[in-house]
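J.: Residue numbers (the working numbering), protein chains in the order written: chain A, 1 to 116; chain B, 117 to 232. Just passing along the structure, written as C-alpha cells.
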DNA sequence: AATCTTGTGCTACTTTTACAGCACAATGCT
DNA sequence: AGCATTGTGCTGTAAAAGTAGCACAAGATT
C-alpha cells in the first residue's frame, strides 16, 4: 500500500473520483455514507460532505437523501485506453522506484508540453 | 494551456519537481531566484522559499547563498521509460478529453492496485 | 404512523497556510 | 574593499480549511 490516507476534502474527492473513473467503483454502486467516510479517514463530517458535494457537482455521483450516495449512471468510467496507459505508467514508475508524487509531477510537466 | 498557476508552496514544489524529473530543467541548470519565483506566481517570498527548501531536502536542487539555485548534479532525471509512458498517458487522456486532474486521480487509483 | 437512516446546514473554535515586509549572512562581482 | 545579489529567518497579521457537535428535512424501513 502506497496510498496515504486522505486528510482533506480535496484528497477524498480525488480518491473517489479515481475509483469511479478507473472503474473500481461501478455504475450505480453505493458509496459509504458521509458519516462512514468521515470515520474511515478520521476527518470531520463537514469535510467528507464537502468532497461528496464536489463529486456531485461534477455529475459523478447521485445523492438521494435517505438512500445514500451512488455512482451516477453512465459516463463515469474513463476510456479503456486511458486506464491502460495509466496502469502502464504506474508499473514503469514502480519498477524504476519513482514515487507516485514524482510520477504525478512528471505527468503535469509533460502535459504542459502536449497541451492544446 | 491546461496548467493553472501554482498558488501554494506544494504546487510550486511540484512544478519544479516535474520540470526536473522530466528533464525540462537539466543538470546544473539555474532556477529563478526565490524573489523572481514569488513574483512570477504572485506569492509571498516565504512561500517560494518553502518550496525550494523542500526540493533541496529531497536532493533535487542545490542552493549556494549568493549564487542562486541550481539543479543538483546527477540523479535528477527520471528513467526515459517513465517519461515516455507519462507522455503516452497525457496524449491518450487529452485525446479522450479526460482532464489532467481526472487523469491523476485515475493514476492514483491504479497505483494502489499494483503496489508492492 | 413511528422510527431510523442519511445528506445537509448551521455555529463557534482551532489549526494550518499564506501574506507583507524587513533584516541579516554568505557570497559573487567590480 | 565595497556593493549588489540571493537564500534565509524573523515578526505580526490575515485568510483558508478543518474540527466538533448538533439540529433539521427528506425519505426509507418496519
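Ideal Cβ positions, reconstructed from N, Cα and C, are used throughout, including at glycine.
Residue 229/B CB to nearest chain A CB: under 9 Å?
T.: yes
J.: Check the Cβ of residue 79/A against every Cβ in chain B and list those closer than 7 Å, keeping chain order.
T.: 212
J.: Can you give me the Cβ contacts of residue 203/B inside the same chain, cut-off strictly under 6 Å, excluding the 5 residues immediately before and after it?
T.: none
J.: Is it right to say residue 218/B is buried, meaning 16 or more other beta carbons lie within 10 angstroms of its own, or is it exposed?
T.: buried
J.: In this structure, how does DSSP classify residue 285/B when only helix, strand and coil are distinguished?
T.: Here chain B comprises residues numbered 117 to 232, so residue 285/B is not present and cannot be evaluated.
J.: Would a check of beta-carbon distances place residue 191/B closer than 9 Å to chain A?
T.: no
J.: Measuring CA to CA, which of 175/B, 176/B and 194/B is closest to residue 96/A?
T.: 194/B
J.: Looking only at its chain, what residues have a beta carbon closer than 6 Å to the beta carbon of residue 146/B, apart from the 5 residues adjacent to it on each side?
T.: 184 and 186.
J.: Out of 127/B, 123/B and 121/B, which one is the CA nearest neighbour of residue 104/A?
T.: 127/B
J.: Hey, residue 172/B and residue 181/B: beta-carbon distance below 9 Å or not?
T.: no
J.: In the DSSP assignment, find the unbroken alpha helix (DSSP H) run with residue 159/B in it and report its ends.
T.: In the DSSP assignment, residue 159/B falls outside any alpha helix (DSSP H) and carries neither an H nor an E.
J.: Would you decide whether residue 151/B is buried or exposed? Buried here means 16 or more other CB atoms lie within 10 Å of its CB.
T.: exposed
J.: Please state whether DSSP places residue 71/A in a helix, a strand or coil.
T.: strand
J.: Please report whether the beta-carbon of residue 102/A lies at a distance below 9 Å from any beta-carbon of chain B.
T.: yes
J.: Nearest-angstrom Cα distance between residue 51/A and residue 159/B?
T.: 27 Å
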